[in-house]
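**Student:** In my numbering, the protein residues as written are 4 to 397.
Before I ask anything, here is the structure I am working with.
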Ligand code: NAD
């Protein structure tokens, strides 16, 4: 099969297996080039391990610290005439590379919110790895079927309290326009908390504790975003922000439990990056396009792999300490939030139009990063060649 990108709005419905493998390899090469991460994890469970920040975390743990990893994710395998989702190919590439280096890599593909997938994961951990010293919770999902009630909660990406009007960009067509997003009602806000809040993370931690699969001193972490004030109505103060407040509540509750065994739980605030999850949030892709332009010019740009390598190497391990803010969160969005970077974003924001989009922003970089998520545009990959789309998850 010859596989080309087919972009539909903010998703690409095809993915390239060789390209995804090259993308994973780039992140592995970066972690290896940065050198070993001393005192790092030895057995890690990564929930949401196939793309974005979860994949970056898995790569930093495995290739920085020679860590055995079990990855949980929800990806679609290939079907007749249709390639798999990128996370499927990423996980195969990761697994091959880890095993080639003599590292254990196990995978569970299915709905992490369900009891069944939790039980499958615990069984695999008990059989293959033993108690984990790191749990990364990095799910980004549009819905969750609650395992106790059976209710399907759908997350919304909306402001709370009042409509929000701002500039946005159609990244596919390159059109800058003004968008107004009506506020969420209470049910939508509560549903978003049910999907992206902390209850499921707590369920995972409880299940691990009950099965005696948490090592003494274990670390648990999940991720959030804060960003500058022009994105607050849609992110920090919106439905997703409310879910993140609940995630922080869960972090404190988990931390209190882990502390009695010398462990810790916390939230890391990460940089805004092109991922499948962030491309779906209105206004954010325009912000990212401006941000990339500025951060690249200043030599500060990082991707998921670089962010996670930096978090592991300069804060979590290597004898270092977490760079905690007043709310007890680790910060690796420090370069994004630098005053000079944010001032330049604020200066450019009102000036951007459809006509000057390419000149004033890094929309080209945004698009290239977006296509890379699906394995397209990687150097050294022959996109005209036949490629086998049906690869088993090993
Ligand atoms: P992503 O879409 O790249 O990854 C999501 C992961 O969750 C994938 O591995 C996917 O398979 C898995 N997943 C989704 N639903 C699942 C389910 N039901 N069962 C099992 N696995 C499931 O997302 P991302 O952007 O890396 O986001 C991860 C975390 O990082 C989120 O908490 C997000 O809010 C946070 N974050 C993202 C950004 C950003 O700009 N992208 C910035 C800061 C923080």
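Positions of the beta carbon are idealized from the N, C-alpha and C atoms, including for glycine.
What residue range does the beta strand (DSSP E) around residue 269 cover?
**Tutor:** That run of the beta strand (DSSP E) goes 267–272.
**Student:** Is any heavy atom in ligand 1 found nearer than 7 angstroms to the beta carbon of residue 78?
**Tutor:** For ligand 1, at least one heavy atom lies less than 7 angstroms from the Cβ of residue 78.
**Student:** Is DSSP giving residue 184 helix, strand or coil here?
**Tutor:** In the structure shown, residue 184 sits in a strand (DSSP, three-state: E or B).
**Student:** Quick check: the Cα distance between residue 8 and residue 265, rounded to an integer number of angstroms?
**Tutor:** Approximately 48 angstroms between the Cα atoms of the pair.
**Student:** Out of 389, 353, 50 and 294, which has the shortest C-alpha to C-alpha gap to residue 207?
**Tutor:** The option with the nearest alpha carbon to residue 207 is 50.
**Student:** Would you tell me roughly how many angstroms separate the C-alpha atoms of residue 297 and residue 345, rounded to the nearest one?
**Tutor:** Approximately 9 angstroms, taken between the alpha carbons.
**Student:** Quick one: is residue 383 buried, meaning 16 or more other Cβ sit within 10 Å of its Cβ, or exposed?
**Tutor:** Result: exposed.
**Student:** When the Cα of residue 10 is compared with those of 212, 373 and 99, which residue comes out closest?
**Tutor:** Out of 212, 373 and 99, 373 has the C-alpha closest to the C-alpha of residue 10.
**Student:** Leaving out the 5 sequence neighbours to the left and right, which residues in its chain are closer than 6 angstroms to residue 368 when beta-carbon positions are compared?
**Tutor:** Result list for residue 368: 295, in chain order.
**Student:** Identify every residue that forms a DSSP beta bridge with residue 112.
**Tutor:** For residue 112, which the question treats as bridged, DSSP gives the partners 76.
**Student:** Which whole-angstrom value describes the C-beta separation of residue 18 and residue 92, a residue pair presumed to lie in contact below a C-beta threshold of 8 angstroms?
**Tutor:** Going by Cβ atoms, the distance from residue 18 to residue 92 rounds to 6 angstroms, so yes, they are a contact pair.
**Student:** So, for residue 31: in the same chain, excluding its five sequence neighbours on each side, which residues have a beta-carbon less than 7 angstroms away from its beta-carbon?
**Tutor:** Result list for residue 31: 62, 66 and 100, in chain order.
**Student:** Where does residue 70 sit, in a helix, a strand or coil, going by DSSP?
**Tutor:** Residue 70: coil per DSSP, three-state reduction.
**Student:** Please report the distance separating the alpha-carbon of residue 104 from that of residue 322.
**Tutor:** Taking the straight line from one Cα to the other gives about 25 angstroms.
**Student:** State buried or exposed for residue 41, treating a residue as buried only when at least 16 other CB atoms are found within 10 Å of its CB.
**Tutor:** Answer is exposed; the Cβ neighbour count stays below 16.
**Student:** In chain order, what residues of the same chain have a beta carbon less than 7 angstroms from the beta carbon of residue 231, not counting five sequence neighbours either side?
**Tutor:** Cβ within range, chain order: 345 and 348.
**Student:** Can you tell me whether residue 24 sits near ligand 1, meaning its C-beta is under 7 angstroms from at least one heavy atom of the ligand?
**Tutor:** Flag unset: Cβ of residue 24 not near ligand 1.
**Student:** Residue 262: buried (16+ other C-beta within 10 angstroms of its C-beta) or exposed?
**Tutor:** Exposed: under 16 other Cβ atoms inside 10 Å.
**Student:** Let me know the secondary structure DSSP gives residue 228 once reduced to three states.
**Tutor:** Three-state DSSP puts residue 228 in coil, outside helix and strand.
**Student:** Tell me whether residue 225 counts as near ligand 3, meaning its Cβ is closer than 7 angstroms to at least one heavy atom of that ligand.
**Tutor:** The ligand content of the structure shown is limited to ligand 1, which means ligand 3 is not among them.
**Student:** On the DSSP bridge list, what partners appear for residue 82?
**Tutor:** In DSSP, residue 82 forms a bridge with 85.
**Student:** For residue 175 and residue 15, I'd like the C-alpha separation in whole angstroms.
**Tutor:** Distance between the alpha carbons of residue 175 and residue 15: 10 angstroms.
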